[in-house]
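Chains as they are written, first to last, in numbering that gives the first Met the number 0: chain L, 0 to 233; chain C, 0 to 233.
Glycine included, C-beta positions come from ideal geometry on N, C-alpha and C.
Beneath this line is the structure, given in structure tokens, with notes to follow.
There are 2 protein chains.
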Amino acid sequence: MTPRSTRPRERGIPEATVARLPVYLRALQGLAERGILTVSSEDLASAAGVNSAKLRKDLSHLGSYGTRGVGYDVDYLVYQISRELGLTQDWSVAIVGAGNLGRALANYGGFGTRGFRIAALLDADEGVVGDEVAGLRVGHIDTLEDVVSAERVSIGVIAVPAVAAQGVCDRFVEAGVTSVLNFAPVVLNVPPAVDVRKVDLSIELQILAFHAQRKADGRATAPPAGRIGAKEKA
Amino acid sequence: MTPRSTRPRERGIPEATVARLPVYLRALQGLAERGILTVSSEDLASAAGVNSAKLRKDLSHLGSYGTRGVGYDVDYLVYQISRELGLTQDWSVAIVGAGNLGRALANYGGFGTRGFRIAALLDADEGVVGDEVAGLRVGHIDTLEDVVSAERVSIGVIAVPAVAAQGVCDRFVEAGVTSVLNFAPVVLNVPPAVDVRKVDLSIELQILAFHAQRKADGRATAPPAGRIGAKEKA
DNA sequence: ACGCCCTTGTGAAAGCACGCACAAAGTGGG
DNA sequence: CCCACTTTGTGCGTGCTTTCACAAGGGCGT
Ligand SMILES: NC(=O)c1ccc[n+]([C@@H]2O[C@H](COP(=O)([O-])OP(=O)(O)OC[C@H]3O[C@@H](n4cnc5c(N)ncnc54)[C@H](O)[C@@H]3O)[C@@H](O)[C@H]2O)c1
Ligand SMILES: NC(=O)c1ccc[n+]([C@@H]2O[C@H](COP(=O)([O-])OP(=O)(O)OC[C@H]3O[C@@H](n4cnc5c(N)ncnc54)[C@H](O)[C@@H]3O)[C@@H](O)[C@H]2O)c1
Numbered sequence: 000m001t002p003r004s005t006r007p008r009e010r011g012i013p014e015a016t017v018a019r020l021p022v023y024l025r026a027l028q029g030l031a032e033r034g035i036l037t038v039s040s041e042d043l044a045s046a047a048g049v050n051s052a053k054l055r056k057d058l059s060h061l062g063s064y065g066t067r068g069v070g071y072d073v074d075y076l077v078y079q080i081s082r083e084l085g086l087t088q089d090w091s092v093a094i095v096g097a098g099n100l101g102r103a104l105a106n107y108g109g110f111g112t113r114g115f116r117i118a119a120l121l122d123a124d125e126g127v128v129g130d131e132v133a134g135l136r137v138g139h140i141d142t143l144e145d146v147v148s149a150e151r152v153s154i155g156v157i158a159v160p161a162v163a164a165q166g167v168c169d170r171f172v173e174a175g176v177t178s179v180l181n182f183a184p185v186v187l188n189v190p191p192a193v194d195v196r197k198v199d200l201s202i203e204l205q206i207l208a209f210h211a212q213r214k215a216d217g218r219a220t221a222p223p224a225g226r227i228g229a230k231e232k233a
Numbered sequence: 000m001t002p003r004s005t006r007p008r009e010r011g012i013p014e015a016t017v018a019r020l021p022v023y024l025r026a027l028q029g030l031a032e033r034g035i036l037t038v039s040s041e042d043l044a045s046a047a048g049v050n051s052a053k054l055r056k057d058l059s060h061l062g063s064y065g066t067r068g069v070g071y072d073v074d075y076l077v078y079q080i081s082r083e084l085g086l087t088q089d090w091s092v093a094i095v096g097a098g099n100l101g102r103a104l105a106n107y108g109g110f111g112t113r114g115f116r117i118a119a120l121l122d123a124d125e126g127v128v129g130d131e132v133a134g135l136r137v138g139h140i141d142t143l144e145d146v147v148s149a150e151r152v153s154i155g156v157i158a159v160p161a162v163a164a165q166g167v168c169d170r171f172v173e174a175g176v177t178s179v180l181n182f183a184p185v186v187l188n189v190p191p192a193v194d195v196r197k198v199d200l201s202i203e204l205q206i207l208a209f210h211a212q213r214k215a216d217g218r219a220t221a222p223p224a225g226r227i228g229a230k231e232k233a
């Protein structure tokens with residue numbers, strides 16, 4: 000059979016596109032707040048910081064939601080992108096690690112406004128458990144499995160020290176969480192069905208340093224690469 | 000002439016490679032701490048969560064620093080990658096916004112240990128200026144230009160609310176900062192010579208939500224393996 | 001009702017990135 | 001000294017991304 004006739008738009012949005020949809024969504028919400036009703040691909044692309052052809056191709060993966068000669072209806076597009084991203088439903092998030100970062104995350108208002116609900120903030124330190132952070136009481140890490148199941152947590156956030164991250168991750172996975180956002184600077188090992196994304200500050204800084212150095216160098220500066228012990232090239 | 004050109008690395012390392020070098024570096028440092036002297040591409044790749052062929056190709060962009068039949072000298076490779084990333088020098092970083100996130104960043108130990116020095120933490124709120132955070136006194140935003148110039152800040156970190164981000168960014172750029180790390184959920188507008196990287200929590204969550212929805216949606220329309228299923232994504 | 005003009009949606013081309021598979025290169029044993 | 005074995009470095013095919021360029025589609029003024 001040819002299942003291709005089943006859907007107006009094929010299931011199978013390129014990963015690169017998925018990563019940009021949230022950016023478009025935010026830009027659109029900004030436009031909506033300013034009372035703008037329609038927007039051309041050119042203007043939206045500019046607001047999102049991308050090339051307009053790319054934006055159109057990205058949106059074309061969702062369907063034909065534009066009107067030629069006019070542009071896109073802002074509200075409608077917000078809805079369509081939200082739906083595609085799964086934001087028409089709420090997602091429960093559990094944060095493990097109530098340290099500097101975990102608390103900052105819990106205090107961050109940008110969660111709830113976008114359909115993500117912090118169901119729990121857990122920590123292993125008895126001195127921290129019971130604290131109130133952003134109207135949430137810090138729970139004990141041992142309740143992780145219960146919380147995940149009771150609150151139907153589908154996204155786990157890891158904000159513990161690097162050495163503890165894999166262990167926390169394993170517990171999340173064991174408890175049935177299949178989406179993990181990792182702030183610890185380690186490579187997590189998970190089964191193929193689990194989706195891990197990482198946010199790594201050091202890496203970002205190092206990438207910036209690389210480019211900064213290159214800008215500063217200007218010309219080819221190959222300082223004596225040689226060093227103790229190892230083989231000398233040439 | 001024509002010596003097998005000592006030019007180990009051509010100018011022009013692929014961006015994708017640059018983004019992975021910090022991951023390799025961290026994995027190598029972990030090995031070094033455990034007293035491991037040499038490592039094969041297979042083992043290092045596994046520690047870094049990538050394919051070994053990819054790792055070898057990435058490293059080949061820096062030069063031929065491996066020994067066939069043996070592997071790579073851990074210390075030597077640490078040094079080479081560090082040098083390539085510009086980590087053999089120290090970088091001064093200025094953080095603007097001493098709120099939840101700014102404080103968490105300032106308190107984060109992982110900075111100094113990797114060659115990044117927090118030269119200043121600035122805020123506009125008079126009630127916050129003067130606070131001590133992580134042994135650092137919060138300065139007033141109006142001193143930004145002075146600090147940048149006096150401390151030779153080359154990397155600016157933006158941790159202010161979205162509405163204030165572009166303004167802070169403009170001041171950084173005006174002051175001569177050409178590398179910016181942005182935590183605010185906005186698209187920053189900068190001259191071409193300025194390098195901006197963003198860390199956007201909401202976007203990461205939304206991408207996770209997209210895949211989570213897809214997994215939950217009826218069937219496996221797309222085998223999770225093909226996408227960012229398992230190992231961490233770059 | 002007609003045609004002009006604007007903007008979308010999309011082939012096609014070019015550019016990157018990835019990973020396989022293997023020759024080359026070096027090690028260590030006999 | 002030679003050979004068997006290990007692991008690197010890379011040529012090459014494949015698939016994904018980006019960008020260009022334009023035909024098709026739709027609104028709007030006359
Ligand atoms: N603070 C930052 O700005 C920042 C930036 C980048 C990355 N990170 C990373 O984020 C993670 C957290 O950073 P932080 O500054 O919040 O550290 P932190 O030390 O302030 O907090 C860590 C918290 O995790 C808890 N914890 C430790 N082991 C645990 C376990 N097994 N189960 C549950 N809780 C446990 C500790 O009790 C502590 O409260 C670290 O991996 C760090 O490298 C932090
Ligand atoms: N807290 C988080 O976990 C988190 C997560 C993701 C993104 N963010 C983003 O990071 C940014 C900061 O978040 P936060 O939670 O720390 O906010 P916050 O409100 O706690 O802190 C913001 C700080 O910036 C200062 N500020 C405001 N305008 C300024 C200006 N023009 N110049 C200098 N300082 C100024 C404020 O005085 C305040 O101290 C926001 O854009 C937020 O969206 C935060």
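Taking C-beta atoms as the reference points, L:Gly70 and L:Ser40 count as a pair closer than 9 Å. The contact set of L:Gly68 on chain C, defined by CB atoms closer than 7 Å, is empty, because the minimum CB distance reaches about 27 Å. Between C:Ile140 and C:Val95 the beta-carbon gap is near 7 Å, inside 8 Å, which marks them as a contact.
Bridge pairing for L:His139: L:Asp122 [DSSP]. Note that the C-beta distance between L:Thr66 and L:Asp57 is not below 9 Å. Per DSSP, the beta bridge partners of C:Thr66 are C:Gly70. For C:Ala93, the uninterrupted beta strand (DSSP E) run begins and ends at 90 to 95, by DSSP. Among the residues of the region 13 to 42 of chain C, those with a Cβ less than 8 Å away from any Cβ of chain L are Val17, Ala18, Leu20, Pro21, Val22, Leu24, Arg25, Ala26, in the order of the chain. DSSP places C:Asn181 within a strand segment (E or B) once states are collapsed to three. Here L:Gly155 carries a strand assignment [DSSP, helix/strand/coil]. In the DSSP annotation of this structure, the continuous segment of the beta strand (DSSP E) that includes C:Asp194 starts and ends at 194 to 197.
L:Phe171: member of the alpha helix (DSSP H) spanning 161 to 174, first to last residue. The three-state reading of DSSP puts L:Ile202 in helix, counting H, G and I together.
Excluding the 5 residues flanking it on each side, L:Asp194 has same chain C-beta neighbours closer than 8 Å at Thr177, Ser178, Val179, in chain order. For L:Lys56, no CB of chain C lies under 9 Å from its own CB, so it is not counted at the interface with that chain. For C:Val17, the enclosing alpha helix (DSSP H) covers residues 14 to 32. Residue contact with chain L for C:Val198: present (Cβ-Cβ distance below 9 Å to some residue of chain L). Taking 8 Å as the cut-off, the C-beta of C:Leu54 does not count as close to any heavy atom of ligand 2. C:Val167 is not a Cβ neighbour of C:Val92, given a cutoff of 9 Å. Secondary-structure assignment with DSSP links L:Thr37 through a beta bridge to L:Asp72. Nearest to L:Gly11 by C-alpha distance, out of L:Ser59, L:Leu24, L:Gly34, is L:Ser59.
Contact between L:Val198 and C:Val198 holds, with the beta-carbon distance rounding to 6 Å and staying under 8 Å. Closest option to L:Pro184, judged by alpha-carbon separation, among C:Phe209, C:Pro21, C:Ala119: C:Pro21. Against chain L, the CB of C:Gly48 has a partner CB under 9 Å away; the residue lies at that interface.
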